[in-house]
Every structure is written in structure tokens, then in C-alpha cells.
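Student: Got a structure here, written out as C-alpha cells. Questions coming.
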Amino acid sequence: MNTQLLAPTDAELALDDLRARLSGDIVAPGDESWDSARQAWNLAVDQRPAAVALPESARDVVEVVDFARRNDLRVAPQGTGHNAAALGGELGDTILLKTHRMRAVTIIPEARIARAEAGVLWIEVVEAAAAHGLAALAGSSPDVGVVGYTLGGGLSWLARKHGIGANQVTAVELVTADGRFVRADRNNEPDLFWAVRGGGGAFGVVTAIEFNLFPITEVYAGILWFPVERSAEVLKVWRAWTDGLPEEMTSVGRILQFPPIPEIPKPVRGQSFVVVEAIYAGDEAEGASLLEPLRALGPAMDTVATMPVAGLSRLHMDPEEPVPVAGDGGMLTDVDDELIEALVAEAVGSPLLTVELRHLGGAVARARPEHGAAAAFEAPFILYAAGFTPFPEAVAAVHASVHALRSALAPWEAAHTYMNFADTRRDAKSLFTEQAYHRLRRVKAAYDPADLIRSNHPIAPAG
Ligand SMILES: Cc1cc2nc3c(=O)[nH]c(=O)nc-3n(C[C@H](O)[C@H](O)[C@H](O)COP(=O)(O)OP(=O)(O)OC[C@H]3O[C@@H](n4cnc5c(N)ncnc54)[C@H](O)[C@@H]3O)c2cc1C
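Each residue of the sequence shown is one higher than the one before, counting from 14 in the numbering used here.
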């Protein structure tokens, strides 16, 4: 709290009172730890909330939500801040509720279920599950938050076989805008349970989440590396190869342009490549046979081998520490040779560190009646592009390149996109089917009519 010579204001006294009721903490502007407290994983986002809450329990979360409601403030839950760019920095009327102190992970091996508190990172679940011979539907990054990722959908390396992570959720515990602690599952609060499985973080502050694990210990996975000059050729062969693959095979066609900075390991620092990342959740011999057409291209480096499933968290080489970054993505109706030519023309030589195409389909595309708000993704491919933005000129250059790339690929842009790969604010209608969008608005109106809970991809209450 401020050590000021002036008398404390009413707001400061109110925050002191709230702090006294928490086992966690409240950080206010002017406090010593203010700048570190308000920082997101994405260092490019300058978050300026009214205060930062650091709860340590669901009870703390109830206190913060009640306080916000009584004081005409809003609450923005944040796990890591990987998607802070979409939330935006202007949060003057909002308490930023950061969950990183809530980190308990429990694995129930006999039920093949994991329970993660709100601040748990994926690597923590992946390693705990692996100790029991189990795998989670984790994404490419070890330090993305389990809750934010799952509420938005959750696209893992096993998604073509097992669908998106949200549809493997068995229960969610959350504090609603009226300060109630509820457990939503198939039998309790079914509308809320439906909405949080792919509808994002607009419906309450999640305090814990439970989801299915799978008995997978090893995968055949790795990267085929080629010189960047072969981008169009390699991506076209990769695209043709994806037709008719079994659902156990997931792959990414990707252009990687590593900047010459010390954070990048020496062997690839300052170099550019086109790569195919391949993950086969099955037998090595079958995986190797499937990969033959890509290996026939003669990769300069080939790291595909049988590996522990936990190793998938680092296959994509995502940064494990906070970084300044800008990027964006979107679903594609198809990837054809013309798109590949357009993508290569925009990407190669640009300031973009990564331009990737992930292959979807399989279980990702199959909606089932028991699924949540993101029942299925129809689009067969998804694009994501990003670059580091350590100084102002880089911010403008990366934004311009992402914009140019998205414009060049606009003819292939699908009607709906994926919330987790949208780093810019989108019209909520573009994130869901029409039916899901209207149902989400009704659920929002039922649980948060005054729009107290502020999410990165907001859903306006119906009416
Ligand atoms: C390097 C990198 C790799 C990625 N890889 C993948 C991938 O492989 N697959 C994939 O699907 N996505 C991936 N993503 C996207 C990622 O899933 C989203 O950015 C997601 O929103 C991150 O969740 P978070 O909690 O870490 O981030 P945050 O920015 O903290 O959260 C994002 C939003 O989630 C909601 N939220 C978070 N916690 C809570 C809570 N306790 N209660 C209610 N709402 C909450 C809030 O609305 C918040 O604004 C990646 C992103 C990056 C930057």
C-alpha cells in the first residue's frame, strides 16, 4: 500500500479493507510491486487496471468479485496474459484478477481425470499426468494457462484424434458475477457448463477445472527442417500429404525466421527455415511409413523420433518466459497452391518469426450433442503468425506484416475463427456459429446481466 504523507483516499481505505479479508493480496497503483503485478506474459501490452488482485483461494475470488460489484468496478480474470493483447491495456474501471498463486494440480489416475486450479500452467499438468502414464490435451506452449486455453477451445497436438480440450472438460468451478461459488458439470448449471466449454472467460471467474486424460505415454514426433528458399515446394507437398491422413497424425507447415538475438539458441540464431512438424500418436513403424513422402524431399535436419508424450510441450519451441510479441490468426476454408504462393510471398523476408498452418479436421470437425459452445471447428486449417516486438519500430513492422499476410489470405478466410488464435478483438459473432452466439448471449444475461466479468473476447448479455 502507498506510504503517503497525505490522508488515504476512500478508494485506498476500501482496498485496505479488501486486502485484510484476503489470504492473497491486492496491489494498487503506486505500490512498490505495481509494475510487476500488472505485467502480462505478453510484455508488449501495457495493462493499466484500477487494481490487481492476487487471490489464493476461491474464497478470495468471491471477496474480490463482491468488492468490484459494490464499487462499480469490473473484474478481468487473467491466468498468464498470453492473450492480453485482445483484452487490451485500458482497464481503468477494472480489477485485474491474476490467478497465478492458485497452482494446485491433482491427478486422479483411476478416473483418468486432472484437476487444475485457475493459475496452473500446462507443463505442470503434462508432467504430473505423465508420472501416471497419462497425457492431457495440452497445446504447443508449456506456459500457457490451462484455464484460459481450455475456456477458449484448446487445440492440442492430439486434437485430430481426441477433439478440442474444452469438450473433454468434466467440471468447472467458478465464482459468478453475483459472488456465488458454483460447480458446473453435466448435471449442475448445465447452461453455464455448456458456455464455458469454448465460449471463453465471460461467464464467471473460474477457480478450478477438471478434464479427461488419455493413456498415452509415447508419440512419434519431431520436425523436418528445410532451407527457407524451399518454402513453396515443401508447403505444397505437405499440403497434398495431409489429404487422407489418419487422425493419429497431426502436422504443421511453418516458416520460421529466427532473429539474431541471444534468446535464440546458437545453431538456428539468425537463420530461416521452412519446417514440417509432425506428431503421430501411434506406432513408430506406421508413423515412419506415413512420413515417407515428406522425407523423400530430403530435409536438411530430421528430428522425428519416438519420444515421451510430455516432450510435445516443447516440440514447437514456444517461448517459456514473458516476451513482447504481436500476432494474429484465423481459420482457413482450404490451403491450396495459390494460398501457399501468397503466404510465402508475404512471409519470407518479413519480420515475422513464425507463420504457421496447423492441420485440423478429424475429431476437431465432429460436433457431438454433449459438446460445449465450441462444438466443432469446420475449417480444415488454421493460420497463426507472430513476431517479436522489443522496440517501437518492430511493433509497427510486425503489425503491418500480419495485416498484409491476413489481407493476402482473405479469400480463404473462414466465416468463423478460433478465439484462442485471435490476438486482436473480433466481433463475437465471428467466433461462434449463429446458434451458439445467441445462446452464449442468453447465458451471459442469466449469469452476468451487468457485464461485470470482462473477458478478452467479450460476449454482450442478451437484451
Ligand atoms: C506462444 C503461444 C502458444 C500457444 N499455443 C496454443 C495452442 O497450441 N493451442 C491453443 O489452442 N492455443 C494456443 N495459444 C493460445 C492460448 O490458448 C490463448 O492465448 C489463451 O487465451 C491463453 O490462456 P492464458 O490463461 O494463458 O492467457 P490469459 O491471457 O491469461 O487468458 C486469456 C483469457 O482467458 C480467460 N481466463 C483466463 N483465466 C480465467 C479464469 N480463471 N476465469 C475466467 N476466465 C479466465 C480470460 O477471458 C482471459 O482474458 C498459444 C498462445 C501463445 C502466445
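Backbone N, C-alpha and C fix where the C-beta goes; we use that ideal spot for every residue, glycine too.
DSSP has Phe239 in a bridge; who is on the other side?
Tutor: According to DSSP, Phe239 bridges with Val287.
Student: So what does His451 bridge to, in DSSP terms?
Tutor: The partner list for His451 (beta bridge, DSSP) is empty, contrary to what the question assumes.
Student: Distance, Cα to Cα, Val322 vs Ala127?
Tutor: One C-alpha to the other measures close to 16 Å.
Student: List the whole-angstrom C-beta distance separating Thr163 from Ile229, where the pair is believed to meet the contact cut-off of C-beta under 8 Å.
Tutor: Rounded, the Cβ-Cβ distance is 18 Å, inconsistent with contact.
Student: What whole-angstrom Cβ distance do Ala463 and Ala190 have, given they're in contact under 8 Å?
Tutor: Contact holds; Cβ gap of about 7 Å.
Student: Here's a check: name, in chain order, each residue in its chain whose Cβ is nearer than 6 Å to the Cβ of Gly211, leaving out the five neighbours to either side.
Tutor: Gly166, Ala179, Gly385, Ala386 and Ala387
Student: Using C-beta distances below 8 Å, list every residue in its chain close to Pro62, excluding the 5 sequence neighbours before and after it, in chain order.
Tutor: Arg51, Ala89, Leu104, Gly105, Thr107, Ile108 and Leu109
Student: Is His145 helix, strand or coil by DSSP?
Tutor: coil
Student: Among residues of its own chain, excluding the 5 on either side of Arg32, which ones have a beta-carbon nearer than 7 Å to its beta-carbon?
Tutor: Asp38 and Ile39
Student: For the beta strand (DSSP E) containing Ala339, list its first residue and its last residue.
Tutor: Val338 to Leu345
Student: Keeping to the same chain, check which residues put their C-beta closer than 8 Å to that of Trp251; ignore five residues upstream and five downstream.
Tutor: If we look at Trp251 and ignore the five residues flanking it on each side, its Cβ neighbours are Ser264, Gly266, Val289 and Leu307.
Student: Going by DSSP, what residues sit across from Leu187 in a beta bridge?
Tutor: For Leu187, which the question treats as bridged, DSSP gives the partners Val195 and Val219.
Student: Classify Pro68: buried if its beta carbon has 16 or more other beta carbons within 10 angstroms, exposed otherwise.
Tutor: buried
Student: If you drop the 5 nearest sequence neighbours on each side, which residues of the same chain put their C-beta closer than 6 Å to that of Val411?
Tutor: Ala339, Pro364, Gly400 and Thr402
Student: For His372, name the three-state secondary structure that DSSP assigns.
Tutor: strand
Student: DSSP has Lys111 in a bridge; who is on the other side?
Tutor: Gln91
Student: Relative to ligand 1, is the shortest distance from any of its heavy atoms to the C-beta of Asn460 smaller than 7 Å?
Tutor: According to the sequence as given, residue 460 is Tyr; it is not Asn. Result no, Cβ not under 7 Å from ligand 1.
Student: Alpha carbon to alpha carbon, how far is Gly132 from Val74? Give it in angstroms, no decimals.
Tutor: 12 Å
Student: Taking C-beta to C-beta, are Ala421 and Glu334 nearer than 8 Å?
Tutor: no
Student: Please report how far the alpha carbon of Val58 lies from the alpha carbon of Trp47, in whole angstroms.
Tutor: 15 Å
Student: Given a cut-off of 8 Å, decide if Ala172 and Ala184 are closer than it, judged by their beta-carbon atoms.
Tutor: no
Student: Can you tell me whether DSSP reads Tyr492 as helix, strand or coil?
Tutor: Nothing about residue 492 can be read from this structure; the chain reaches only from 14 to 476.
Student: Return the Cβ separation of Leu396 and Leu366 in integer angstroms, given the expectation that the two are a contact with Cβ distance under 8 Å.
Tutor: So it is not a contact: roughly 14 Å between Cβ atoms.
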